[in-house]
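Following the numbering used here, the numbering of the sequence shown begins with 1 at its first residue and continues without gaps. Here is the structure we will look at, set down as structure tokens.
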Amino acid sequence: MWQSFPLFPDSASAHSDHVDALAIFLVGMSLFFATLICALIVVFAFKYRKSATRTKGAAIEGSLALELAWTILPLGLTMVLFVWGAKLFFEGSTPPQDVTDMTVVGKQWMWKIQHPQGQREINALHIPVGRAIRLTMTSEDVIHSFFVPAFRVKQDVLPNRYTRMWFRPTKAGTFHLFCAEYCGTKHSEMIGQVVVMEPQDYERWLSGAAADEPLEVAGRKLFESQRCDTPPLPSLTSR
């Protein structure tokens, strides 16, 4: 949804389309009322301009219907926006039971990420498609902000405090990761990437294998590279 619109990045998470829909509604409603107000100003400026036959405005009596209309209609629209936004907020704040936890540490000027299996990355996050991921984040120095536009998620990362956010990627690919809070001289260089992989490719990546390499082949290479098949040295007592 909206991927062909140049102002929108890829939509690659479970709730990114819902966020886009609310944003489009807000922009559309704002444009509608701005256009309506400007048009009425122009029309009334010409219709009720001062002339020789009209030097003084006519008295206007109160209108209960008009008062109710411009009170109830804006109230209804704002309540729709409130309920809609609150629903998205609670959905984005409450992860499912099967969420996978990872840790993120922001530091001038890099992201340090650790997987539950122990693997660590810098300025990159490899995750499987379709799995809910929850990030527990903190900062070593100043305030940062973990921002993945394609997932429509952004969360401040604070020193001496833990913040959390979650998302569920819906398609494989490589997506931008930014720091969205000015954090010093090299703030613009504090970037990275989120690599969303198919589940089997993610498992191979966790094991250190190439994406097209079977697990047994990767295991054999690891076994041989560590010289686990080297015969033991003869003992000194056998001489």
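We treat Cβ as the ideally placed atom computed from N, Cα and C, and that holds for glycine. In this text, all values refer to a predicted model and were calculated from it rather than measured experimentally.
Item to check | First through last residue of the beta strand (DSSP E) which encompasses Leu177 | outcome: The residue you call residue 177 lines up with position 177 of the sequence shown. Residues 173 to 179.
Checklist entry - Are Ser13 and Pro149 close, meaning C-beta to C-beta below 8 Å? => result By one-based count along the sequence shown, residue 13 stands at place 13. By one-based count along the sequence shown, residue 149 stands at place 149. No, the Cβ-Cβ distance between Ser13 and Pro149 is not below 8 Å.
Item to check | 7 Å CB neighbourhood of Asp141 in its chain, flanking five on each side removed | outcome: Indexing the sequence shown from 1 puts residue 141 at position 141. Contacts found: Lys107, Gln108, Pro159.
Checklist entry - Just reading off the beta strand (DSSP E) that His126 is part of, what are its end residues? => result On the sequence shown, position 126 is the one that residue 126 refers to. The continuous beta strand (DSSP E) containing His126 extends over residues 124 to 128.
Checklist entry - In chain order, which beta strand (DSSP E) runs of at least 3 residues are fully inside the stretch 62 to 131? => result The stretch 62 to 131 contains these whole beta strand (DSSP E) runs: 100 to 107, 110 to 114, 120 to 122, 124 to 128.
Checklist entry - If you follow the beta strand (DSSP E) that Met240 is part of, which residue opens it and which one closes it? => result Coverage of the chain is limited to positions 1 through 239, which leaves residue 240 absent and any answer about it impossible.
Item to check | Residue of Arg134, Thr71, Glu121, Ser145 minimising C-alpha distance to Tyr182 | outcome: Against the sequence shown, residue 182 aligns to sequence position 182. Of the listed residues, the one whose Cα sits closest to Tyr182 is Ser145.
Item to check | Residues bridged to Phe146 (per DSSP) | outcome: Here residue 146 corresponds to residue number 146 of the sequence shown, with the count starting at 1. In the DSSP output, where bridge partners are listed per residue, Phe146 has Gln155, Cys179.
Checklist entry - Looking at C-beta atoms only, is the number of pairs between the stretch 108 to 125 and the stretch 192 to 207 that lie closer than 8 Å three or more? => result Here the stretch 108 to 125 lies against the stretch 192 to 207, with 3 or more beta-carbon pairs under 8 Å apart.
Checklist entry - By a C-beta neighbour count over all protein chains shown, 10 Å radius and 16 as the cutoff for buried, is Ile133 buried or exposed? => result Here residue 133 corresponds to residue number 133 of the sequence shown, with the count starting at 1. With 16 or more Cβ atoms within 10 Å of its Cβ, Ile133 is classed as buried.
Item to check | Given His115 as reference, the closest of Lys154, Thr174, Trp205 once Cα atoms are compared | outcome: Position 115 of the sequence shown, counted from the first residue, corresponds to residue 115. Comparing Cα-Cα distances from His115 to each of Lys154, Thr174, Trp205, the minimum goes to Trp205.
Checklist entry - Quick one: what's got a C-beta closer than 8 Å to Leu77's C-beta in the same chain, skipping five residues either side? => result Here residue 77 refers to the residue found at position 77 when the sequence shown is read from its first residue. Here the set comprises Met29.
Next on the checklist: Using a 10 Å radius around the Cβ and a threshold of 16 neighbouring Cβ atoms, would you call Val157 buried or exposed?
Outcome noted: Along the sequence shown, one-based indexing puts residue 157 at 157. Buried, since its Cβ has 16 or more Cβ neighbours within 10 Å.
Checklist entry - For Ala211, does the three-state DSSP call read helix, strand or coil? => result To locate residue 211, count along the sequence shown from 1; it is residue 211. Low per-residue confidence applies at Ala211: pLDDT is 48, beneath 50, and the placement is therefore not dependable enough to give any value.
Checklist entry - Using the C-alpha atoms, what's the distance from Arg49 back to Cys179? => result Position 179 of the sequence shown holds residue 179. Position 49 of the sequence shown holds residue 49. Between the alpha carbons of Cys179 and Arg49 lies a gap of roughly 54 Å.
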